[in-house]
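Trainee: All the letters of the sequence shown, read from the start, carry residue numbers 9 to 353 under our numbering.
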Amino acid sequence: MASFSCFFGSSTAQRTKRIFIAGATGYIGKFVTREIVARKYEVVSFARERSGIDGATSAAQTRRQLEGSEVRFGDICDIDSLIGSGIRGERFDAVISCLTSRTGGIKDSWLIDYKANCNVLDAAKAAGAKHFVLLSAICVQKPMLEFQKAKLKFEKELMNSGMTYSIVRPTAFFKSLAGQVEALKHGKPYVMFGNGELTSCKPISEADLARFMADCLEDPSKKNEILPVGGPGEPVSAKAQGELLFGLLGKKPKFRKIPIRIFDLTIPVLSGLSKLFPMLEDKAEFARIGKYYASESMLALNPETATYDGAATPAFGNDSLKDFYARILKEGCAGQELGAHSIFH
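1. Using DSSP bridges, identify the partner residues of arginine 335.
2. Quick one: what's got a C-beta closer than 6 Å to leucine 329's C-beta in the same chain, skipping five residues either side?
3. Does DSSP put serine 350 in a helix, in a strand, or in coil?
4. On the criterion of 16 or more Cβ atoms from any shown chain inside 10 Å, does leucine 309 qualify as buried, or is it exposed?
5. Considering only residues of the region 38-112, which uninterrupted beta strand (DSSP E) runs meet the minimum length of 3 residues and lie entirely inside it, listed in chain order?
6. Between the region 28-45 and the region 90-107, do at least 3 Cβ pairs fall closer than 8 Å?
7. Give me the Cβ distance between aspartate 216 and asparagine 326, rounded to the nearest whole Å; I'm assuming they're in contact under 8 Å.
8. Take glutamate 50 and list the residues in its own chain whose beta-carbon comes closer than 6 Å to its own, dropping the five residues that flank it on each side.
9. Helix or strand or just coil, what does DSSP make of phenylalanine 285?
10. Let me know the secondary structure DSSP gives glutamate 163 once reduced to three states.
11. Identify whether leucine 192 lies in helix, strand or coil by the three-state DSSP scheme.
12. Could you give the DSSP three-state label for aspartate 272: helix, strand or coil?
13. Answer yes if the region 152-164 comes into contact with the region 108-126, meaning at least three C-beta pairs across the two stretches below 8 Å, and no otherwise.
14. In this structure, how does DSSP classify phenylalanine 155 when only helix, strand and coil are distinguished?
15. Report the three-state DSSP secondary structure of proline 261 (helix, strand or coil).
16. Cα separation between isoleucine 213 and histidine 194?
17. My understanding is that isoleucine 297 touches leucine 153, with C-beta atoms under 8 Å, so please give their C-beta distance in whole angstroms.
18. Assess contact between the region 176-193 and the region 249-259, defined as three or more Cβ pairs (one per stretch) separated by less than 8 Å. Is contact present?
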């Protein structure tokens, strides 16, 4: 273990700051880790031995993905593992958590979005960290789902902890808007709820979001703040996303409209059955998640009017959705797989 003087030398200003990253193997976590490494911080990333979709990523692959950081393995849900295998009695200047539930299911949400983040907060205190940067979600401003309630409860714990915090609430990711690309390439219609204008978002790229989160370490205006953030440009509806894809493909737009009331039929049935068959609880929750994303915009919510406001949703970065679509239409969707998160956004 490094000596005490390594962390608290005579010239604090010249000392490289040490950052601990939890959730480093997640979709956003990988980009955040690479961005922090690129900024010449000393980075320790914490991960499971088997990560990725269905645990398909090995420890060796994880080390390659997070090159430049010191990768340590353990169980984020076990505080003893987190402190023993991750923190190891060392000192860190800041902690970044990119943890998020893998499924959005009820138990998984409270286990990861709340409890695991509480473990990271306790570990951060043990390591003497002064700043905690949290990846949250803009949808928690209107909490109707278990994962939103779990995230909000941890946000409150963090704000009451006495630690400097930066709570980042991004809108939809580019990845979450890529699910229909392959279908459209093969002549299928673009599927949307209602007329496709029910919801809008200001999607942000993973690289731009990573830069925003890294800026939280350096920008005083981002400390002790809740930070909603979207990408550049105007809000885009589901219909506009489809039109953009068809335009890039050089095809005439073809849409399939699904009535949103389909959720009003399935949710009560699944909810009722889940009282008799508890294994259906998550199925009912997934239906509620589906309805939420089909009916609620991923934009800042005006508390006075209770309406979504694109102009009030901060824009950041340079990556456009059009350029993203053009790239994956040319190169394919490798690396954009949603896995258990395919229901989101």
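For every residue, glycine included, the Cβ atom is placed at its ideal position computed from N, Cα and C.
Mentor: Taking the definition as stated:
1. For the purposes of this step, residue 335 is taken as the residue at position 327 of the sequence shown. Answer by DSSP bridge pairing: none, since arginine 335 is not bridged.
2. Taking the first residue of the sequence shown as 1, we reach residue 329 at position 321. Correct list, in chain order: Pro211.
3. The residue labelled residue 350 in the question sits at position 342 within the sequence shown. Residue placement at serine 350 is poorly supported in this model, since its pLDDT is 43, which falls under 50; the coordinates still yield a value, given next. In the structure shown, serine 350 adopts helical secondary structure according to DSSP, grouped into three states.
4. Position 301 of the sequence shown, counted from the start, is the residue given in the question as residue 309. Buried.
5. Complete beta strand (DSSP E) runs here, min 3: 50-55, 78-81 and 102-105.
6. yes
7. As a working note, residue 216 is residue 208 in the sequence shown. As a working note, residue 326 is residue 318 in the sequence shown. Yes, they are in contact, since the Cβ atoms of aspartate 216 and asparagine 326 sit about 7 Å apart, within 8 Å.
8. Here residue 50 is taken as the residue at index 42 of the sequence shown, counted from 1. Within the same chain, glutamate 50 has close Cβ partners Thr24 and Arg26.
9. Taking the first residue of the sequence shown as 1, we reach residue 285 at position 277. Three-state DSSP puts phenylalanine 285 in coil, outside helix and strand.
10. For the purposes of this step, residue 163 is identified with residue 155 of the sequence shown, where counting begins at 1. Helix at glutamate 163.
11. As a position in the sequence shown, residue 192 is number 184, starting the count at 1. Three-state result, leucine 192: helix.
12. As a working note, residue 272 is residue 264 in the sequence shown. Helix.
13. Pairwise C-beta distances place the region 108-126 in contact with the region 152-164, as three or more of them are shorter than 8 Å.
14. For this step, residue 155 is matched to residue 147 along the sequence shown. Three-state DSSP puts phenylalanine 155 in a helix.
15. Within the sequence shown, the letter at position 253 stands for residue 261. Note: proline 261 maps to coil in three-state DSSP.
16. The residue given as residue 213 occupies position 205 in the sequence shown. The residue given as residue 194 occupies position 186 in the sequence shown. First, the amino acid is wrong: residue 213 is serine here, not isoleucine. Their Cα atoms are separated by approximately 25 Å.
17. Working through the sequence shown from its first residue, we reach residue 297 at position 289. Working through the sequence shown from its first residue, we reach residue 153 at position 145. With 8 Å as the limit, isoleucine 297 and leucine 153 qualify as a contact, their Cβ atoms being about 6 Å apart.
18. yes
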